[in-house]
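In mature numbering (1 follows the signal peptide of the UniProt record, and there is no 0), the protein residues as written are -25 to -1, 1 to 88.
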């Protein structure tokens, strides 16, 4: 019984480390996510603050997956458009206007370098 618990504990630890490494590498928690799209108007919310200022240019990112021949699929982001922040709607959300490309619900947005 103890051996099974040790194997399970090790598996859970390794899974947690892998998820943490991927989340840190993609920095998804610092990205905003698009919660609503109305034509070219986007509502983007963030887990962390401070929010991007009005006038900040954002890159719209879509999740894509690379499926290796062995192992689990790897998640990464592909640039899909650009937007400009037009207003701050509340403590965690901004409104932006899509200036180039496309956006859909659940895409990510991050300030352009």
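Ideal Cβ positions, reconstructed from N, Cα and C, are used throughout, including at glycine.
The count of Cβ pairs closer than 8 Å, one atom from the stretch 38 to 57 and one from the stretch 20 to 30, stays below three, leaving the stretches out of contact. For residue 57, the enclosing beta strand (DSSP E) begins and ends at 49 to 63. Out of 73, 80, 67 and 16, the CA that lies nearest to the CA of residue 32 is found in 73. Distance from the CA atom of residue 70 to the CA atom of residue 39, rounded to whole angstroms, is 24 Å.
Residue 60 is positioned such that its CB atom lies no closer than 8 Å to that of residue 36. If you draw a straight line from the Cα of residue 55 to the Cα of residue 82, it comes to about 9 Å. Burial check for residue 42: the Cβ neighbour count within 10 Å stays below 16, so the residue is exposed.
For residue 22, there is no enclosing beta strand (DSSP E), as DSSP marks it with neither H nor E.
Secondary structure at residue 79: coil, using DSSP grouped into helix, strand and coil. Around the beta carbon of residue 15, a 10 Å sphere encloses fewer than 16 other beta carbons of the protein chains shown; the residue is thus reported as exposed.
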